[in-house]
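Notes to accompany the following structure.
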Amino acid sequence: MYVGTLSFDLLLGDVRSLKEKRSLVRPIVAELQRKYAVSVAETGNQDLHRRVEIGLAVVSGDTEHLTDVLDRCERLVAARPEVELLSVRRRLHTDED
Numbered sequence: 629m630y631v632g633t634l635s636f637d638l639l640l641g642d643v644r645s646l647k648e649k650r651s652l653v654r655p656i657v658a659e660l661q662r663k664y665a666v667s668v669a670e671t672g673n674q675d676l677h678r679r680v681e682i683g684l685a686v687v688s689g690d691t692e693h694l695t696d697v698l699d700r701c702e703r704l705v706a707a708r709p710e711v712e713l714l715s716v717r718r719r720l721h722t723d724e725d
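Each position in the sequence shown, counted from 1, maps to that position plus 628 in our numbering.
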C-alpha cells in the first residue's frame with residue numbers, strides 16, 4: 629500500500645474577506661474530489677484572507693497510479709487562474725514507514 633500527499637501553498641488575488649476566500653477555495657477542493665476521488669481539505673492559513681494551504685491524500689496499491697494522480701492534481705491547481713501556486717510539497721509513504 630502506498631499513500632501520497634500534496635500540500636499546496638497558494639496566494640489568492642484581490643480577496644478582501646474570508647467569505648470571498650472560501651468562495652474561491654471551495655470549488656477547487658470540490659473539483660479535486662470529483663475528478664480524482666482524493667481526500668482534500670483546506671488545512672492551513674484559515675484566518676488569512678489571501679493565503680491558503682490545501683492538503684490532499686490518495687491511497688493506491690501501485691506507485692505509478694499514485695504518481696499519475698498526484699501529477700494530475702498538481703497540474704489542475706497550477707492551472708487555476710484565480711490562484712498563484714507558491715509551493716507544493718509532495719510525500720510518498722509505504723505501509724513500512
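From the three backbone atoms N, C-alpha and C, an ideal C-beta is built for every residue, glycine too.
Buried or exposed for residue i, please, with buried defined as at least 16 other CB atoms from any protein chain shown within 10 angstroms of its CB.
{"i": "Leu-714", "result": "exposed"}
{"i": "Lys-649", "result": "buried"}
{"i": "Leu-684", "result": "buried"}
{"i": "Val-687", "result": "exposed"}
Rounded to a whole number of angstroms, what is the C-alpha to C-alpha distance between residue i and residue j?
{"i": "Gly-632", "j": "Glu-712", "result": "23 angstroms"}
{"i": "Gly-672", "j": "Lys-647", "result": "16 angstroms"}
{"i": "Glu-659", "j": "Met-629", "result": "25 angstroms"}
{"i": "Asp-690", "j": "Ser-645", "result": "42 angstroms"}
{"i": "Leu-705", "j": "Ile-656", "result": "The sequence given here has Val at residue 705, not Leu. So the alpha carbons of these two residues sit roughly 7 angstroms apart."}
{"i": "Arg-719", "j": "Thr-695", "result": "10 angstroms"}
{"i": "Glu-702", "j": "Val-680", "result": "15 angstroms"}
{"i": "Pro-709", "j": "Thr-722", "result": "34 angstroms"}
{"i": "Arg-717", "j": "Leu-638", "result": "12 angstroms"}
{"i": "Phe-636", "j": "Arg-700", "result": "13 angstroms"}
Go ahead and pull the three-state DSSP assignment for residue i.
{"i": "Glu-712", "result": "strand"}
{"i": "Arg-650", "result": "helix"}
{"i": "Val-657", "result": "helix"}
{"i": "Arg-730", "result": "The structure shown does not extend to residue 730, since the chain is modelled only from 629 to 725, so the question has no answer here."}
{"i": "Gly-641", "result": "coil"}
Checklist line | Contained beta strand (DSSP E) runs [length at least 3] in the region 667-705, N- to C-terminal order | finding: Fully enclosed beta strand (DSSP E) runs of 3 or longer: 667-672, 679-688.
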